[in-house]
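**Student:** Whatever position you read off the sequence shown (first residue = 1), add 1 for my numbering.
Even for Gly, the Cβ is constructed at its ideal location relative to N, Cα and C.
This structure is a prediction, so every number in the text was calculated from the model and none was measured.
Sharing a structure with you now.
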Amino acid sequence: MNTILKNGLLLAASLTFFYVLFYFINPELNMNVAISLLLTIGLGVFFIYRTIKSDKTDKGGTISFGEAFAGGFATIALGFILYSVVTFVHLKVDTEYREMTIENAKQKAIEGFDKMAELLNMKGEDFDKAKEEALNQDFEMGIGQFVLGILFSLIFPCAIVSLITAAVVKKT
Numbered sequence: 002m003n004t005i006l007k008n009g010l011l012l013a014a015s016l017t018f019f020y021v022l023f024y025f026i027n028p029e030l031n032m033n034v035a036i037s038l039l040l041t042i043g044l045g046v047f048f049i050y051r052t053i054k055s056d057k058t059d060k061g062g063t064i065s066f067g068e069a070f071a072g073g074f075a076t077i078a079l080g081f082i083l084y085s086v087v088t089f090v091h092l093k094v095d096t097e098y099r100e101m102t103i104e105n106a107k108q109k110a111i112e113g114f115d116k117m118a119e120l121l122n123m124k125g126e127d128f129d130k131a132k133e134e135a136l137n138q139d140f141e142m143g144i145g146q147f148v149l150g151i152l153f154s155l156i157f158p159c160a161i162v163s164l165i166t167a168a169v170v171k172k173t
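Shown next, in the form of structure tokens:
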């Protein structure tokens, strides 16, 4: 099996495993940004490293930076897209969990508004009106928002993690 495909599928399976595990242990763990970032980046780096190292070995111990980046990016992109589809479908099926996720997002938004108001010393009716309007927005994720979220994630964390990992593995 192709190394990129194998490691991408293993990445998706690993992320899905932790998602399901957290769902049954304490669903709010899936909404913890720090845990999500650590898992996504940590597992992403691990499987990118495996892909690049395997490709480097297959090519006689040398690999160009471009080849290392392409293999790493394809691995994390495949894994992340598959994992995202699983979570998207789960949120569409499990309406109770989806509502809990939406309420959590609203709570985080309120906390963010309050911190911003404190930092910028914002008070008054205009700020309260803006906060209320923002909280009345639809927090439900549609297919368009889902696709945009994946595209943003591929550009920012996936590409950066792939670039750094490719540079490190290329040097070793």
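Measuring straight from C-alpha to C-alpha, what distance separates Ser163 and Lys130?
**Tutor:** Working through the sequence shown from its first residue, we reach residue 163 at position 162. Working through the sequence shown from its first residue, we reach residue 130 at position 129. If you take the alpha carbons of Ser163 and Lys130, they lie about 42 Å apart.
**Student:** How would you label Asn41, buried or exposed, when you count the other beta carbons within 10 angstroms and need 16 or more for buried?
**Tutor:** Position 40 of the sequence shown, counted from the start, is the residue given in the question as residue 41. For clarity, residue 41 is Thr in the given sequence; the question names Asn instead. Counting Cβ neighbours within 10 Å, Thr41 comes out buried, since at least 16 surround it.
**Student:** Return yes when the Cβ of Ala69 is within less than 9 Å of the Cβ of Lys57, no when it is not.
**Tutor:** The sequence position of residue 57 within the sequence shown is 56, counting from 1. The sequence position of residue 69 within the sequence shown is 68, counting from 1. Cβ distance < 9 Å, so Lys57 and Ala69 count as in contact.
**Student:** With burial defined as no fewer than 16 other Cβ atoms inside 10 Å of the residue's Cβ, what is the status of Val90: buried or exposed?
**Tutor:** The sequence position of residue 90 within the sequence shown is 89, counting from 1. Result: exposed.
**Student:** Grouping DSSP H, G and I as helix and E and B as strand, with all else coil, what is Thr88?
**Tutor:** To locate residue 88, count along the sequence shown from 1; it is residue 87. Residue state, collapsed to three classes: helix.
**Student:** With a cut-off of 9 Å, does the C-beta of Ile53 fall near any C-beta of chain C?
**Tutor:** Note that chain C does not occur in the displayed structure, where there is just one protein chain.
**Student:** Do Ala78 and Gly9 have their C-beta atoms within less than 9 Å of each other?
**Tutor:** The count along the sequence shown starts at 1 and reaches residue 78 at position 77. The count along the sequence shown starts at 1 and reaches residue 9 at position 8. In this structure, Gly9 lies closer than 9 Å to Ala78 by Cβ.
**Student:** Buried or exposed for Gly61, please, with buried defined as at least 16 other CB atoms from any protein chain shown within 10 angstroms of its CB.
**Tutor:** Counted from its first residue, the sequence shown places residue 61 at position 60. Burial call: exposed.
**Student:** Taking Ile151 and Ser85 to be in contact with their CB atoms under 8 Å, please state how far apart those CB atoms are, rounded to whole angstroms.
**Tutor:** To locate residue 151, count along the sequence shown from 1; it is residue 150. To locate residue 85, count along the sequence shown from 1; it is residue 84. Right, their Cβ atoms sit about 5 Å apart.
**Student:** In chain order, which alpha helix (DSSP H) runs of at least 4 residues are fully inside the segment 49-133?
**Tutor:** Counting whole runs of 4 or more residues, the segment 49-133 contains the alpha helix (DSSP H) stretches 66-94 and 96-121.
**Student:** Counting C-beta neighbours from all protein chains within 10 Å, is the total for Leu121 16 or more, i.e. buried, or is it exposed?
**Tutor:** For the purposes of this step, residue 121 is identified with residue 120 of the sequence shown, where counting begins at 1. Classification of Leu121: exposed, given that the 10 Å Cβ count is below 16.
**Student:** So, at 6 Å on beta carbons, what are the nonlocal neighbours of Ala13 in its own chain, with the 5 sequence-adjacent residues on each side left out?
**Tutor:** Here residue 13 corresponds to residue number 12 of the sequence shown, with the count starting at 1. Correct list, in chain order: Gly80, Leu83 and Tyr84.
**Student:** Does the beta-carbon of Phe157 have 16 or more other beta-carbons within 10 angstroms, so that it is buried, or is it exposed?
**Tutor:** Taking the sequence shown and counting its residues from 1, one reaches residue 157 at position 156. Classification for Phe157: exposed.
**Student:** What is the DSSP secondary structure of Gly143, reduced to helix, strand or coil?
**Tutor:** Within the sequence shown, residue 143 is the residue found at index 142, counting from 1. DSSP places Gly143 in coil when its eight states are reduced to three.
**Student:** Are Lys171 and Ile53 touching if we call contact CB-CB under 9 Å?
**Tutor:** For the purposes of this step, residue 171 is identified with residue 170 of the sequence shown, where counting begins at 1. For the purposes of this step, residue 53 is identified with residue 52 of the sequence shown, where counting begins at 1. A contact, by the Cβ cut-off of 9 Å.
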